[in-house]
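A.B. asks: For what it's worth, the working numbering labels the leading residue of the sequence shown as 2, then goes sequentially. Don't be surprised by glycine CBs; every beta carbon is placed ideally from N, CA and C. Computed from a prediction, not measured in an experiment: that's the story for all the values here.
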Amino acid sequence: MDFFLIVLTLAISLLLFFFLHKLIFPAKRQSRKVPEAGGAWPIIGHLHLLNGSQMPHKIFGHMSDKYGPIFRLKLGVNQVVIVSDHKIARECFTTNDMAFANRPKSIASEILGYNYAMFGLGPYGPYWREIWKIVTIEFLSARRIDMFSHVQEFEVKSAVKKTYDIVSRISVVT
Numbered sequence: 002m003d004f005f006l007i008v009l010t011l012a013i014s015l016l017l018f019f020f021l022h023k024l025i026f027p028a029k030r031q032s033r034k035v036p037e038a039g040g041a042w043p044i045i046g047h048l049h050l051l052n053g054s055q056m057p058h059k060i061f062g063h064m065s066d067k068y069g070p071i072f073r074l075k076l077g078v079n080q081v082v083i084v085s086d087h088k089i090a091r092e093c094f095t096t097n098d099m100a101f102a103n104r105p106k107s108i109a110s111e112i113l114g115y116n117y118a119m120f121g122l123g124p125y126g127p128y129w130r131e132i133w134k135i136v137t138i139e140f141l142s143a144r145r146i147d148m149f150s151h152v153q154e155f156e157v158k159s160a161v162k163k164t165y166d167i168v169s170r171i172s173v174v175t
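1) Counting along the chain, where does the alpha helix (DSSP H) carrying H67 start and finish?
2) Cα separation between P36 and K162?
3) Pairing CB atoms from the stretch 94-110 with CB atoms from the stretch 65-73, are three or more of them under 8 Å?
4) Does any CB atom of chain C fall closer than 9 Å to the CB of L9?
5) Is K223 helix, strand or coil by DSSP?
6) Classify L50 as helix, strand or coil using the three-state DSSP reduction.
7) Return the bridge partner residues of K163 from the DSSP annotation.
8) Would you mind sorting H87 into buried or exposed? The rule is 16 or more other CB atoms within 10 Å of its CB.
9) In whole angstroms, what separates the C-alpha of F149 from that of R73?
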């Protein structure tokens, strides 16, 4: 009997302590999650909303009118943040650029990118920064772009010619 009374007193005093602690010191942390748009289905998320006759940017515009300038969507298993305000977008790409610089890891990018060694498929980090410096200096310099201008002209001409050939073969039904 004495043991039961001691355990009961201890349990009640602990519950009272935690209740008073929560009452006196409320949680000051605010949820920093971006609000999620409603209408997600369990497996496909919001993909069914993008399967319409409207273009995706129009759909996102209507959703931003309803949910605000920044909201979250589920596209399958991936979560996507939609930003429709230019001030927030500027803040995302200037102030918080490190948070948005990374790409989602996938098996395909690991295999195709030789264990993330490829420039376009690798995650942001020291290796990616070094590769970006090399690409910028060696391949994207003004001199190098001028050297390959004839290749660009040839590719554009051949694409226009192929498009013209395909369109000229199609008979217009009126």
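C.D. replies: Let me lay it out:
1) Looking at the sequence shown, residue 67 is not His but Lys. P57 to Y68 is the extent of the alpha helix (DSSP H) around K67.
2) 48 Å
3) They do not touch, by the three-pair rule.
4) Looking at the structure shown, chain C is missing, and only one protein chain is on hand.
5) What the structure shows of the chain is the stretch from 2 to 175, and residue 223 is not part of that stretch, so it cannot be assessed.
6) helix
7) Answer is none; K163 lacks a bridge partner.
8) exposed
9) C-alpha separation (whole angstroms): 42 Å.
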